Structures are given as C-alpha cells and as structure tokens.
Amino acid sequence: MEFTAIPGVGEKTAASLASLDDAERALRDGDVAALARAPGLTEGRAAAIARAAIRQQHGDDGDFLATDHTRELYDDVLGLLQARTQTTYARKRLQTLFPSAAESRIEEVRAFVGDAMDRDVDDAVLDALSGVAPLQSAPTQRVRERCLATADAERYAEAEDAYPELSVEIVEDGRDIAELARSYSTVVVLDESFAGIDVEGDVRVRPDALEHPEDIVPERLLDFFAVNRSRLKAAAEVHEAAGMDPACSLADLRDGLARVDDDGELVGDDELARLTAAVDDVDAAVSTAESVANDHLRDAIREQDVTIEGTDFLSLVEQGARVDSLLDRELADEYDEALAKAREHLVDSLSLKSGEDGPVDRLFPTDPSFPVDHREDVAARLETELGAARDQRAARLKADLATDLGDLRDPVETLVRDALELDVELAVARFARDFECVLPEFGREGFDIEGGRSPLLDVDFADVDPVDYEVSGVTLLSGVNSGGKTSTLDLVGVIVLLAHMGLPVPAERVELGVVEELHYYAKSQGTLDAGAFESTLQDFAALTEGAENRLVLVDELESITEPGASAKIIAGILEELDGQRTTAVFVSHLAGEIREAADFPVAVDGIEAVGLKDGKLQVNRSPVKDHLARSTPELIVEKLAGESGNAFYDRLLKKF
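Under full-length UniProt numbering, the sequence shown has 275 at position 275, and the numbering climbs by one with no breaks.
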C-alpha cells in the first residue's frame with residue numbers, strides 16, 4: 001500500500017506507518033491502537049488516518065456531511081455510541097464509523113453490525129472490559145550484569161543497535177574476555193573465532209546472538225509482560241466472561257504472569273529468593289558474625305584465672321595492648337570456638353549451601369587477636385560470588401520464562417485486540433438495545449419510517465412518542481409550535497445518518513434510498529442581517545446546482561427575513577429542488593403562502609394538534625400526509641368559542 005496516497009498522509013507520517021509490522025491490516029480494519037504505536041501518532045490522529053484510508057478504499061469523497069448542523073448531528077449520534085463503551089480504544093475506534101454513500105462501505109459495516117447485535121450484554125463482561133487497554137511497549141531497561149563482546153567493529157555497531165540494554169565491549173584476545181568475565185556475571189561473545197575459549201566465569205560464544213534476543217536479553221520480553229500484566233489479565237477475564245475462544249492458553253498466560261512481578265523481576269523461585277536475600281544481607285551478617293566472635297571472647301577472658309584480674313586484663317586488651325602471645329597461650333581454644341560460632345552464624349543467617357561457604361573460612365584471621373576484625377576483601381569476595389550465583393540463576397530462569405512467554409507474544413496481541421473489538425461490538429449492541437433499533441432496508445427513493453423515536457430528546461427514551469413518516473420528493477412540513485416538527489427533522493437526520501454508517505436505526509421499520517449528501521439547516525435565531533441573509537441565499541444557490549441524489553432538511557427558513565419575502569424565497573428554492581433527484585423536507589409556518597407562491601403543486605404534510613388539555617397541546621406526532629396543520633392560535637380560539645359561548649370567538653374563528 002502506498003501510504004502517501006492516503007489523503008492527509010505525508011512523507012513523515014508514511015515513514016512512521018511503514019515502521020509497523022501490520023500497518024496495512026490496521027488501516028483496513030480501523031485498528032486505532034495498532035496505528036497509534038507508530039512513532040509520533042496519537043490515537044486521534046490514528047483514527048483520522050484510518051478514516052481517510054477507509055474512504056479511499058471505498059471511493060468515498062467525504063462529502064456526505066454537507067453542513068455544519070449535519071456534522072453536529074453526526075457528533076451527537078457518535079456520542080451516543082461512545083457513551084456505551086468501556087475502553088478509550090473503542091471510543092476512538094468508533095470514530096472510524098462515518099456516514100457514506102459508498103454501498104460497499106455500508107455493507108461492510110452492516111456485516112460487522114449483524115454479528116454485534118447478536119452479542120449478549122453481560123455486566124461481568126463490561127466490568128472486565130474496563131481494565132483492558134492496548135498493549136504498551138516496555139521502556140528500555142539497562143542490564144548491567146551482562147555484556148556483549150566482539151573483535152569486529154561492524155558487529156560492534158550492529159550489537160549496539162540490536163541491544164540498547166547491554167554494554168558492548170571491543171576485545172582483542174582471550175585475556176580481554178577473561179577480564180570482562182571478572183566484571184560481569186555473563187559475557188556473550190559474538191565472534192565464532194573465540195569458540196572453545198577456556199576462561200573462568202560464565203562466558204558464552206554466540207555468533208547468532210543478534211538473531212535471538214529472547215536468549216540474550218530475556219528481560220525485554222519479561223518487561224513487556226510485566227508492563228502489560230493488568231491489561232492481559234483483564235483481557236483473559238473478558239474472554240472467559242464472554243465465552244470467547246482465546247488466541248492462546250489462558251492457563252499458560254496466567255502461569256507466566258505469576259512468575260514475573262510488575263517490575264519484570266522473577267518471583268516464585270525459592271533458590272533465587274535465597275540468593276537474592278543473601279546478597280542483600282552480606283554486610284549485616286558479617287558485622288553480626290564479628291560481634292558473635294567478640295562477645296564469645298569477652299566472656300572467655302572474664303572467666304580466665306590469670307595474675308591480673310580478668311576485668312583489668314580486658315581493659316588492657318580493649319585499649320590496644322599487645323596481648324597476641326598471651327591470647328595464643330591462654331585462649332587459643334576459645335579463639336577457635338569464637339571463630340567457629342561466627343562462621344556458623346554467617347552460614348545460618350545467609351542460608352549458605354555447601355560450596356558457597358569457601359570465603360567464610362577466610363573471613364577472620366586465624367592468628368588470635370582481640371577484638372576480632374573481618375577481612376574486607378574476603379567479605380567483598382563473598383558478596384561477589386553470591387551475586388554472580390544469583391545473576392546466573394536469574395539469567396537461566398529468565399531465559400526459560402522468556403522461552404515460555406515467547407510463544408505467547410503474538411497471540412496476546414490478538415487476545416487483547418479481540419477484547420477491545422468486543423467493546424466496539426457491545427457498544428453497538430447496547431445502542432441497538434437501548435434505543436430498540438433495527439437494521440434499515442435500502443431500495444426506494446426518499447424514506448419511509450415506521451415507529452421511529454429520536455434518541456436525542458431530553459426525556460427518557462421509553463417516554464418518546466413513536467413517529468411514522470414517509471417522504472419522497474419535496475415536501476413542506478407544517479404544524480403547531482412545540483408540536484414536534486424539529487424533533488421529526490432530527491429523527492429523519494439521525495436515521496439517515498445511522499443507516500449510511502451501516503448501523504441500526506431507532507425505529508420499528510425503515511426503508512430508504514442511498515443519498516450522496518445530507519444537508520441539514522437548523523433554525524436561525526432571529527432575522528438575519530443583510531450580509532448573513534446574502535450568505536444564506538448563496539448556500540441555497542449552491543445547493544440547487546451540481547450533484548443530485550441528496551437529502552435536504554430545513555427548519556423554518558422563513559426566520560431569515562420578513563415572512564412575505566420568505567415564502568417567495570422558499571417557493572423558489574423548492575422549485576429548483578423539485579427538478580432534481582432530491583428528497584427535501586422544509587419545516588415552515590408559511591406552508592400555505594409557500595404553496596401559493598410556488599409554480600408546482602408542493603406537497604404539504606402536517607403534525608396535527610388534536611386539542612388542548614389543561615393548557616397543554618395534545619399532538620399526533622406522526623405527520624399527516626397532504627394536510628396543512630392548524631396553528632396553535634386557531635386551536636385556542638376554537639377552545640374559547642366552545643367553552644364561553646361568546647359570539648366574538650365564533651366570528652374570530654371564521655377568519656382562519
């Protein structure tokens with residue numbers, strides 16, 4: 001796919017998209033999460049690019065939303081869908097649904113919607129979905145106990161690019177490698193020429209190291225699973241709650257996640273925990289062991305029968321008097337026992353195993369002295385050896401775990417994506433359920449709505465009166481104030497928008513034709529000034545030219561100027577539209593005057609008020625075909641004439 005051919009995608013964005021492994025699939029499927037992983041792309045930008053790519057794929061010119069008010073209505077409809085999502089991904093993904101005149105796009109979405117409407121909406125699934133989000137890349141973590149080594153400058157540069165987590169060292173011979181082995185727990189040599197090298201330490205010759213990051217830096221994979229732990233667990237819960245077939249074994253996934261913590265460190269291995277604790281406790285354990293030896297010697301000295309009092313002898317010793325020979329003669333056995341207790345304490349407190357206690361025997365001087373001081377170099381050696389054992393075991397365990405999790409790396413992407421797409425489907429299912437929707441039928445001119453109810457009214461949907469309305473061609477819609485004319489226009493607009501998005505519509509049955517553009521002009525607030533009036537006329541002049549097959553909805557255009565002039569202007573616009581393949585509904589209180597001014601028989605429908613009750617209009621919300629509805633003033637005069645018996649009201653009523 002040529003990314004720069006997508007409208008709005010330049011060279012820089014195309015390069016970012018090209019860095020993705022599955023950019024073409026993501027563009028085709030509207031996978032906003034995958035696209036947003038491209039460098040420099042936000043989720044909002046990714047959604048816009050996906051829309052543009054889908055439009056291009058289906059030959060959609062993007063002109064369907066032809067007016068500002070049409071776009072506002074689309075935003076309202078989209079908001080109703082987005083309000084029924086659990087994830088940010090689904091809210092962005094729904095932005096890739098847009099009204100289109102391309103029948104291939106409509107059918108594509110309808111196929112998706114058909115499956116979505118069959119979904120059961122379960123609270124347990126919704127709760128689990130709230131924890132799902134697109135998978136994140138883990139930040140690069142420096143691994144300091146391991147390094148790469150090579151004698152080749154070109155391999156050096158490749159290794160630095162491939163493994164930013166590790167130090168890469170240039171070596172010339174085996175002596176250089178041996179020196180590195182004293183500084184690092186593990187040295188990975190990249191050159192085959194060093195095969196068979198015999199040096200002390202964990203040195204591995206891996207000419208294929210650049211092709212196997214899971215072996216060389218298992219932390220990279222473990223960090224990925226650690227960073228995404230909660231998202232993966234939530235996705236697993238979604239699959240179980242929804243009865244979905246997961247892309248991987250959930251038991252294996254949970255087992256792997258249980259072996260690594262949120263920081264990417266291994267958990268659950270007793271031996272690694274023992275070594276880790278030992279390394280952390282060396283300093284404290286050595287200090288305590290030293291105290292154990294000195295306490296034993298103090299007690300022994302106090303109990304000795306010598307020429308001077310034991311307490312005086314102790315004072316002399318603690319002041320630094322030369323008593324080595326005296327200790328050697330009088331307390332040799334006690335000194336050996338003190339060292340034995342110190343070593344025993346150290347072995348026990350660090351839980352050292354056979355073979356790990358070599359430095360312990362050299363930690364204290366064998367020649368009697370008091371107070372006993374440990375050898376710092378030996379303590380450091382003990383800590384180094386334990387640290388190396390810890391790091392080598394951790395490396396082996398990480399490599400084993402990375403091998404297990406490596407098989408899950410690609411499947412978990414699918415696992416999470418399926419969970420996120422389920423949220424999109426459930427948003428559609430919830431919308432269809434909440435507003436009692438059906439899929440519309442295409443195949444006629446204009447529209448025919450049965451039992452339609454607008455989801456935009458500021459009342460409970462259950463309290464919305466259903467509307468039946470059918471229009472083909474150009475029609476005036478008359479009716480009393482507050483009778484529901486604007487709500488009817490909104491209903492028509494919502495249904496046509498949803499139908500062209502491929503989505504279900506809030507009605508019992510809808511049949512309509514595919515239109516290329518939806519023009520919706522809302523009621524203006526007050527009479528327009530001359531400049532605004534001129535601009536409005538220019539809009540309608542453009543509307544009467546060019547493409548046909550449009551739906552035009554206009555709410556009380558007469559408010560733009562004086563009533564007499566408005567009737568003539570509206571009549572002229574209707575005459576132009578009547579000659580095109582255009583469906584139009586103009587709401588107006590001047591239906592009679594417009595019909596008289598027009599040079600063709602304008603159809604007039606009416607939302608009829610059937611009376612007044614307690615000062616409130618009683619209205620039949622479904623427009624009556626070929627009927628000029630009575631005005632509110634006429635109804636009030638009629639009511640007064642019937643109630644009062646005053647001839648004034650009778651004479652006034654005859655004026656209507």
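Glycine is no exception: its CB is placed at the ideal position from the N, C-alpha and C atoms. Just so it is clear, the structure is predicted and the values come from calculations on it, not from any experiment.
**Study point:** Presumed contact (8 Å Cβ cut-off) between L266 and L257, rounded CB distance
**Key:** Actually they are not in contact, since the Cβ atoms of L266 and L257 sit about 12 Å apart, beyond 8 Å.
**Study point:** K341 versus A195: straight-line alpha-carbon distance, rounded
**Key:** 46 Å
Practice item. Assign L439 to one of three DSSP states: helix, strand, or coil. Key: coil
Check your understanding: Looking only at C-alpha atoms, which of L210, T4, E154, D280 sits nearest to A379?
Key -> D280
Check your understanding: Under 9 Å between the Cβ atoms of V587 and L456?
Key -> no
**Study point:** Inter-residue spacing [alpha-carbon to alpha-carbon] between R621 and K12
**Key:** 54 Å
Review point. With 16 as the cutoff for other CB atoms within 10 Å, does H212 come out buried or exposed?
Key: exposed
Review point. Span of the beta strand (DSSP E) holding E169?
Key: 167 to 170
Practice item. If I'm right that R163 touches V205 with Cβ under 8 Å, what's the distance once you round it to whole angstroms? Key: The amino acid occupying residue 163 in the given sequence is Tyr; Arg does not appear at that position. The Cβ separation is near 16 Å, so there is no contact.
Point to revise | DSSP state of T276 mapped onto helix, strand, coil | key: helix
**Study point:** Identity of the residue in I301, D407, Q95 nearest R55 by Cα
**Key:** Q95
Practice item. Can you tell me which of A567, R302, L166 puts its alpha carbon nearest to the alpha carbon of Y184? Key: L166
**Study point:** Coarse secondary structure for A149, derived from DSSP in three states
**Key:** strand
Exercise for review: Would you mind sorting Q538 into buried or exposed? The rule is 16 or more other CB atoms within 10 Å of its CB.
Suggested key: exposed
Point to revise | Contacting residues, own chain, Cβ-Cβ under 8 Å from I495 (five flanking each side not counted) | key: P440, F447, I449, G452, V505, P506, A507, V510, L512
Check your understanding: Can you tell me where the beta strand (DSSP E) with T475 in it begins and where it stops?
Key -> 474 to 479
Point to revise | One or two residues paired with V203 in a DSSP bridge | key: V187
Check your understanding: C248 and D29: beta carbons closer than 9 Å?
Key -> no
Review point. Would F64 pass as a contact of L518 if the rule is Cβ separation under 9 Å?
Key: yes
**Study point:** Integer-rounded CB distance, given that A52 should sit under 8 Å from I6
**Key:** 5 Å
**Study point:** DSSP beta-bridge partners of Y520
**Key:** L553
Exercise for review: Give the C-beta separation of F431 and R84 to the nearest angstrom, bearing in mind that I take them to be a contact with Cβ-Cβ under 8 Å.
Suggested key: 6 Å
Review point. With 16 as the cutoff for other CB atoms within 10 Å, does K625 come out buried or exposed?
Key: exposed
Check your understanding: Near A33, what residues of its chain come up, given a Cβ to Cβ distance below 6 Å and the 5 sequence neighbours on each side ignored?
Key -> Y89, P134
Review point. Alpha helix (DSSP H) containing E511: first to last residue?
Key: E511 -> not in any alpha helix (DSSP H); beta strand (DSSP E) instead, spanning 509 to 512.
Check your understanding: Across which residues does DSSP place D448 in a beta bridge pair?
Key -> E470, E511
Review point. What are the start and end residues of the alpha helix (DSSP H) that includes T488?
Key: 485 to 501
Check your understanding: Within 10 angstroms of its Cβ, does S19 collect 16 or more other Cβ (buried), or is it exposed?
Key -> exposed
**Study point:** Cβ-based neighbour list, T414, same chain, cut-off 7 Å, excluding 5 preceding and 5 following
**Key:** A247
Review point. From what residue to what residue does the beta strand (DSSP E) around T583 run?
Key: 582 to 587
Exercise for review: Could you check what DSSP says for A603 in three-state terms: helix, strand or coil?
Suggested key: strand
**Study point:** Straight-line gap, G572 to E593 (C-alpha atoms, nearest Å)
**Key:** 12 Å
Exercise for review: Just the C-alpha distance for L363 and R343, rounded to the nearest angstrom, thanks.
Suggested key: 8 Å
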